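Positions 662 to 719 (the working numbering) are the ones given, in order, by the sequence shown. Even glycine gets a Cβ: it sits at the ideal position worked out from N, Cα and C. Values in this document were obtained by computation on a predicted structure and should not be read as measured data. This report refers to the structure that appears directly beneath it.
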Amino acid sequence: APGNAGTAIEAKCENVAIDVLALEQLADFAEKNVSLTIVGPEVPLVAGVVDLFRSRGL
662 APGNAGTAIE AKCENVAIDV LALEQLADFA EKNVSLTIVG PEVPLVAGVV DLFRSRGL
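Next comes the structure, spelled out in structure tokens:
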């Protein structure tokens, strides 16, 4: 979220309209059959997205 033009053309990728700081929403989405997450930019990292995802086993 929100992705970019490169991921938009990939058949197995889905860009979603979730704010990068809506960490709980991102984790909820990731729990639905997401096998890989890539974090960027740095703001969600500082906000604790990795800790949240790890706490949920993502």
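Point to revise | Beta-carbon proximity list for cysteine 674, same chain, < 8 Å, skipping 5 on both sides | key: Counting from 1 along the sequence shown, the entry for residue 674 is found at position 13. Answer for cysteine 674: Gly664, Thr668, listed in chain order.
Practice item. Count the other C-beta atoms from every protein chain shown that fall within 10 angstroms of the C-beta of alanine 691, then say buried if there are 16 or more, exposed otherwise. Key: Working through the sequence shown from its first residue, we reach residue 691 at position 30. Buried, since its Cβ has 16 or more Cβ neighbours within 10 Å.
Exercise for review: Taking 9 Å as the cut-off, decide whether the C-beta atoms of leucine 682 and leucine 713 are in contact.
Suggested key: Position 21 of the sequence shown holds residue 682. Position 52 of the sequence shown holds residue 713. No, the pair does not count as a contact, with Cβ atoms beyond the cut-off.
Exercise for review: Within 10 angstroms of the Cβ of proline 702, are there 16 or more other Cβ atoms? Answer buried if so, exposed if not.
Suggested key: Against the sequence shown, residue 702 aligns to sequence position 41. Looking at its Cβ environment, which holds fewer than 16 other Cβ atoms inside 10 Å, proline 702 is exposed.
Point to revise | Element boundaries [alpha helix (DSSP H), containing aspartate 712] | key: Stepping through the sequence shown from its first residue, residue 712 is reached at position 51. Aspartate 712 -> alpha helix (DSSP H) spans 710 to 716.
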